[in-house]
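Below you'll find the structure, written out as structure tokens, and then a few comments.
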Amino acid sequence: MQKPVVTRFAPSPTGMLHIGGVRTALFCWLYARRHNGTFILRVEDTDLTRSTDDNIRIIEEGMDWVGLDWDEGPVPGDPNAFRGPHGPYRQMLRMDLYRAKIAELLDKGLAYRCECSREDLDARRKQADAEGRPFMYDGRCRDKHLDPSTPCAIRLRMPDEGEIVLEDLVKGRIAVPASSLDDWIIARQDGTPTYNFCVVVDDVDMGVTHVVRGDDHVANTPKQIVLYRALGYDLPAFAHVPMILGKDKQKLSKRHGAASITEFRDEGYLPVAVRLCLAKLGWTPKVDGKAAESVEEELLTDRQLMETFDLGEIQKAAAVFDIDKLKWINQKFIQRLDWTEIAPHLRWQWRMRGLEAAWDATSDDWKALAIGCNKNRATLVEMANTLAFLFTGPEAPAEADVAKFMTPAVRPALREVAALTDYAHDALKADVEAILARHGLKLKDLAQALRLAFTGKLVSPPIFDTMALLGREAVCARLEKWI
RNA sequence: GGCCCGUUAGUCUAGCGGUUAGGACGUCGGCCUCUCACGCCGAAAACAUGGGUUCAAGUCCCGUACGGGUCACCA
14 MQKPVVTRFA PSPTGMLHIG GVRTALFCWL YARRHNGTFI LRVEDTDLTR STDDNIRIIE
74 EGMDWVGLDW DEGPVPGDPN AFRGPHGPYR QMLRMDLYRA KIAELLDKGL AYRCECSRED
134 LDARRKQADA EGRPFMYDGR CRDKHLDPST PCAIRLRMPD EGEIVLEDLV KGRIAVPASS
194 LDDWIIARQD GTPTYNFCVV VDDVDMGVTH VVRGDDHVAN TPKQIVLYRA LGYDLPAFAH
254 VPMILGKDKQ KLSKRHGAAS ITEFRDEGYL PVAVRLCLAK LGWTPKVDGK AAESVEEELL
314 TDRQLMETFD LGEIQKAAAV FDIDKLKWIN QKFIQRLDWT EIAPHLRWQW RMRGLEAAWD
374 ATSDDWKALA IGCNKNRATL VEMANTLAFL FTGPEAPAEA DVAKFMTPAV RPALREVAAL
434 TDYAHDALKA DVEAILARHG LKLKDLAQAL RLAFTGKLVS PPIFDTMALL GREAVCARLE
494 KWI
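First residue of the first sequence? That's 14 in our numbering, and the numbers climb one at a time after it.
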């Protein structure tokens, strides 16, 4: 009985995929998944000067990495291939549809040609400014019935009185006086349609039932509502989600650190952590009707998000993005996830360091141990940092560290460690303890000396794990110069 | 400036007329410990403001302040 839910994420391919956009997409995706609906990815590339195919790739890769799969939209890798019944999902390829709709509005007298030139308009705007009154197009061309041969932009005829009401799922009821809206341009002089026109036509054509987008679009919506009606369409539900701010409460941008989704990948965050963090920014999941009241309840699965998500519960106010919270969530996921779920993402870190071949050459058991003994790192960058010495060899140790830990007292013990052959954790532990007892040493002293020999630094995974990862051959090789 | 929106600790938030205003991150203190980290225990920390309405207001209404969005032949 109810129409199946259709949501859409409609970025313009003009640069990186912003984390704010990803959150909007996440909400669209969660809502569609929650209701067994359809999630569409549509490319809004009508800004010819800034849109590129490379940027479309960036969007596809970002969406793919963060795990937001779309049911209809571009086929990744081919900017002109699409899947879904409402294609093409790229606005520049949909011009015929727009032209037909514009013609229809013109025929019905709901839109009209306007011959005012851009220069003329600019001058009038300037004058209005100078006189301190707001500039609005005065509708002077409304009834001129200009001939198609004269160069004209096309404007939508807006109501003169009354108010236009937007029932927004997150903002509530917003009413604006019709008198504050002027007849806006739906097609430029060169015939190309404008953004506000295209979204409406596309959303209707694609059957979008819930328009979820950033709240910077709120002001546009009343205009669009008039267009929906002019075209004889039913209104979709609208949900305007607040934007994400940086620490200084300004719009989140590169100045604040990571703003692009690929930076989060590069900085070692897991997609599942990014998803949870973003979802909880401005929305509080209610499991069994109540918000989280413990650490355990804070850490929800995608499944739980999908089962409880509701557009109506989204916060009205903008929220500051807290990277520390993401870090914490990321750490929790690293602790809880099986190594097989972490490995592919950790591999990206090796790839960035040119060490992927070395990583690939290791066995599954080795990988499981490497990741398993590093479960308390906050990010995969940190994990790779503490593991890198396995592939690259020890760094040159600091003089002070050598003086402090490579003492005459421990050196003989080092020699005995080098002689050990059984690297199974428990055996190694027992053997080392025997060595300690024989020399009257503390594990503390020996471990730091070994770390220094193995890594050149005083930080490594637990020492027995470190030895197991290194293997006897490498252990002996790295110990050699110290004994 | 016009129109619109927002305001609970440093941050994200719970709250939907009666609570010692709850949780999480972060911060600070302590414990644990083979390094880093984890973990555990504890602490400090909030209803922007002024008027109403009401027996009772973080919760409802109005104003003020502050913040934001938008006013293009950009999206």
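Think of the CB as a built atom: it goes at the ideal place given N, C-alpha and C, for glycine as much as any other residue.
Only a predicted model underlies this, so the values are computations on that prediction, with no experimental measurement involved.
**Request:** Please look up how many angstroms separate the CB atoms of Arg36 and Leu291, rounded, as I've assumed it's under 8 Å.
**Result:** 4 Å
**Item:** Extent of the continuous beta strand (DSSP E) run through Leu179
**Value:** 176–181
**Asked** Identify the residues that DSSP records as bridge partners of Asp91: which are they?
**Response** Val88
**Prompt:** Is the Cβ-Cβ distance between Pro87 and Ile69 less than 8 Å?
**Reply:** yes
**Message:** Bridge partners for Tyr125 per DSSP, in chain order?
**Reply:** Arg168
**Asked** Applying the criterion that 16 or more other CB atoms from any shown protein chain within 10 Å of the CB defines a buried residue, is Arg428 buried or exposed?
**Response** exposed
**Prompt:** Enumerated in chain order, which unbroken segments of the beta strand (DSSP E) with a length of 3 residues or greater are wholly contained in the segment 233–307?
**Reply:** 250–254
**Prompt:** Roughly how many angstroms separate the alpha carbons of Glu128 and Leu119, rounded to a whole number?
**Reply:** 15 Å
**Item:** Identity of the residue in Ile238, Glu174, Met105 nearest Thr62 by Cα
**Value:** Met105
**Asked** Is the segment 48–57 touching the segment 23–37, taking contact as three or more C-beta pairs under 8 Å?
**Response** yes
**Other residues of its chain near Phe477: CB distance less than 8 Å, five sequence neighbours each side excluded** = His438, Leu441, Lys442, Val445
**Message:** Could you tell me the alpha carbon to alpha carbon distance between Ala94 and Asn389, rounded to whole angstroms?
**Reply:** 43 Å
**Request:** Run the CB neighbour count on Asp215, radius 10 Å, all protein chains shown included, and call it buried at 16 or more, exposed below.
**Result:** buried
**Within 8 Å, strictly: CB atoms of Lys299 and Thr321** = yes
**Prompt:** Do Met149 and Val239 come within 8 Å of each other at the CB atom, strictly closer than that value?
**Reply:** no
**Asked** So the alpha helix (DSSP H) Leu106 belongs to, where does it begin and stop?
**Response** It is not in any alpha helix (DSSP H) - Leu106 carries neither H nor E in the DSSP assignment.
**Prompt:** Start and end of the beta strand (DSSP E) containing His223?
**Reply:** 223–227
**Request:** Over the uninterrupted beta strand (DSSP E) stretch that includes Pro190, give me the two end residues.
**Result:** 185–190
**Item:** Alpha carbon of Asp82 to alpha carbon of Ile257, nearest angstrom
**Value:** 22 Å
**Message:** Between the segment 357–372 and the segment 323–331, can you find at least three pairs of beta-carbon atoms closer than 8 Å?
**Reply:** no
**Message:** Just to confirm before moving on: does the CB-CB distance between Pro421 and Arg491 stay below 8 Å?
**Reply:** no
**Asked** So what does DSSP say about Pro425, is it helix, strand or coil?
**Response** helix
**Request:** Mark Ala45 as exposed unless 16 or more other C-beta atoms lie within 10 angstroms of its C-beta, in which case mark it buried.
**Result:** buried
**Message:** Measuring straight from C-alpha to C-alpha, what distance separates Leu456 and Asp279?
**Reply:** 36 Å
**Closest Cα partner of Leu30 within the set Ile71, Asp133, Leu465** = Ile71
**Asked** Among Thr353, Leu318, Leu283, Lys293, which residue has its Cα nearest to the Cα of Lys345?
**Response** Leu283
**Request:** State the DSSP-derived secondary structure class of Phe148, mapped to helix, strand or coil.
**Result:** coil
**Request:** Pull up the distance between the alpha-carbon of Gly75 and that of Asp229, whole angstroms please.
**Result:** 22 Å
**For Leu30, three-class secondary structure by DSSP** = coil
**Message:** Taking only three categories from DSSP, how would you classify Pro357?
**Reply:** helix
**Request:** Inspect the CB distances between the segment 163–170 and the segment 186–198 and report whether three or more fall short of 8 Å.
**Result:** yes
**Item:** Alpha-carbon spacing of Ser273 relative to Asp315, whole angstroms
**Value:** 22 Å
**Message:** Starting from Val212, trace the alpha helix (DSSP H) in both directions and tell me its first and last residue.
**Reply:** 208–218
**Asked** What does a CB cutoff of less than 7 Å around Leu110 pick up in its chain, not counting 5 residues either side in sequence?
**Response** Val214, Asp218
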